[in-house]
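Beneath this line is the structure, given in structure tokens, with notes to follow.
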Amino acid sequence: MAPLFSIPSVLTTKIKSCLLFSLLVVMVSAQLSSTFYANHALKPFPPLNLLKTLQYQGCDASVLLDKTATKPGEKNVGPNPSLRGYEVIDTIKSQLENLSPGVVFCADILAVAARDSAVALSAPNWYWTVDLGRRDSATASSAIVTGNFPLPTLNLIGLISAFSKKGFTAKEMMALSVCPSTGGDNNLAPLDVTTPTTFDNAYYTNLINKKGLLHSDQQLFSGGATDSIVTTYSNNVGNLITDFANAVVKMGRLSPLTGTSGQIRKNCRKAN
Numbered sequence: 001m002a003p004l005f006s007i008p009s010v011l012t013t014k015i016k017s018c019l020l021f022s023l024l025v026v027m028v029s030a031q032l033s034s035t036f037y038a039n040h041a042l043k044p045f046p047p048l049n050l051l052k053t054l055q056y057q058g059c060d061a062s063v064l065l066d067k068t069a070t071k072p073g074e075k076n077v078g079p080n081p082s083l084r085g086y087e088v089i090d091t092i093k094s095q096l097e098n099l100s101p102g103v104v105f106c107a108d109i110l111a112v113a114a115r116d117s118a119v120a121l122s123a124p125n126w127y128w129t130v131d132l133g134r135r136d137s138a139t140a141s142s143a144i145v146t147g148n149f150p151l152p153t154l155n156l157i158g159l160i161s162a163f164s165k166k167g168f169t170a171k172e173m174m175a176l177s178v179c180p181s182t183g184g185d186n187n188l189a190p191l192d193v194t195t196p197t198t199f200d201n202a203y204y205t206n207l208i209n210k211k212g213l214l215h216s217d218q219q220l221f222s223g224g225a226t227d228s229i230v231t232t233y234s235n236n237v238g239n240l241i242t243d244f245a246n247a248v249v250k251m252g253r254l255s256p257l258t259g260t261s262g263q264i265r266k267n268c269r270k271a272n
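Counting with the UniProt record's numbering, you get residues 1 to 272 for the letters of the sequence shown.
So this is what it looks like as structure tokens:
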């Protein structure tokens, strides 16, 4: 299946796969559905129609909120200054508002764009179904970002512990670790030094060859319990694709805002 949205460049696609990991470590289970928009009278728009068949992972799009005089926001907190592509989300939201105002959540746009960037940077077999129906937060929290993002200085035990607190196994952590390894930027070092513009399993081969960029990367292959998982993913991309998709879907079921919680932002950069 072709990507839902047209992705203009590697630089702008980086945000979708990175946000997938960076934003969603702070959520709990609620009712989401791949057919959330099925009963809405959306105007005909081929890419938009695909929303009804997709599923996702649970973020509230709080990172998209710009800072204000009284609220610092999340964009410049912790690892978030490296995120790119906000203008892509803005464009998608603007087009959807013109077609069907007040229907599609920014959080859902972000979720689908994350999946589609993986497809755009690799092949359709990275495709997974996206849960829809997560509402947008009206506030951002820098404290949640700093308190939940695994630090790049952590050792293997610390990394496993950080993910375990969110309900993820060591294997799920290993699969999700491929997420921020793609993309390029003149001001950022590529976490995947061999295929930085492709979403693939080269990240794990690099670890075996002692080419992990960050301390926390190389800890995943350092004589510990996860060495065998690295070897498996390096040798078999099919196993990685399956495990990554399952972990992403699980991540999307971590307490999204549903029902009457949150809002449908008119502009993803500011609360209504």
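In this text, a Cβ means the ideal position worked out from N, Cα and C, and glycines have one as well.
- prompt: Taking just the CA atoms, how far does C106 sit from N98?
  reply: 14 Å
- prompt: What residues in its chain sit with their C-beta under 7 Å from that of S122, if we drop five residues either side in the sequence?
  reply: Cβ neighbours of S122 beyond the five flanking positions: T198, F199, D200.
- prompt: Should L156 and Q218 be called a contact, given that it needs their Cβ atoms to be closer than 7 Å?
  reply: no
task: Identify whether D116 lies in helix, strand or coil by the three-state DSSP scheme.
output: helix
query: Residues in its own chain within less than 6 Å of A162 by CB, not counting five upstream and five downstream?
result: Contacts found: P150.
field: CB of L176 within 7 Å of CB of A118, strictly
entry: no
- prompt: Excluding the five sequence neighbours on either side, which residues of its own chain have a C-beta within less than 8 Å of the C-beta of N239, listed in chain order?
  reply: Scanning its chain for C-beta atoms nearer than 8 Å, with the 5 sequence neighbours on each side dropped, one finds around N239 the residues T232, Y233, in chain order.
field: Closest Cα partner of V77 within the set L65, V88, E87
entry: Closest by alpha carbon: L65.
message: Suppose you measure from the CA of K75 to the CA of T195; what does that come to, to the nearest Å?
response: Rounded to whole angstroms, K75 to T195 spans 27 Å at the Cα level.
- request: Return yes when the Cβ of S62 is within less than 7 Å of the Cβ of A140, no when it is not.
  value: yes
- request: Measure from the alpha carbon of I264 to the alpha carbon of each residue in I109, K67, K71, then state which is nearest.
  value: Distance check between I264 and each of I109, K67, K71 places I109 closest, using alpha-carbon atoms only.
field: Straight-line Cα distance separating K250 from R269
entry: 27 Å
- prompt: When you compare only the Cα positions, how much space is there between G167 and I241?
  reply: Approximately 20 Å, taken between the alpha carbons.
query: By Cβ distance below 8 Å, which residues in the same chain neighbour P81 in space, the five residues on each side in sequence not counted?
result: K75
- prompt: Looking at the unbroken alpha helix (DSSP H) that takes in A162, where does it start and where does it end?
  reply: 156 to 164
- prompt: M173 and I229: beta carbons closer than 7 Å?
  reply: In this structure, I229 does not lie closer than 7 Å to M173 by Cβ.
message: I'd like to know whether the C-beta of A120 is nearer than 7 Å to at least one C-beta of chain C.
response: Absent from the structure: chain C. Only one protein chain is present.
message: Along the chain, where does the alpha helix (DSSP H) containing N267 start, and where does it finish?
response: No alpha helix (DSSP H) contains N267, which DSSP labels as neither H nor E.
- request: Please classify N235: is it buried, with 16 or more other beta-carbons within 10 angstroms of its beta-carbon, or exposed?
  value: exposed
message: Using the Cβ count rule (16 or more neighbours within 10 Å means buried), how would you classify N206?
response: buried
field: Terminal residues of the alpha helix (DSSP H) in which F168 lies
entry: Careful: F168 lies outside any alpha helix (DSSP H) and carries neither H nor E.
Pairwise C-alpha distance: D60 and I92: 17 Å
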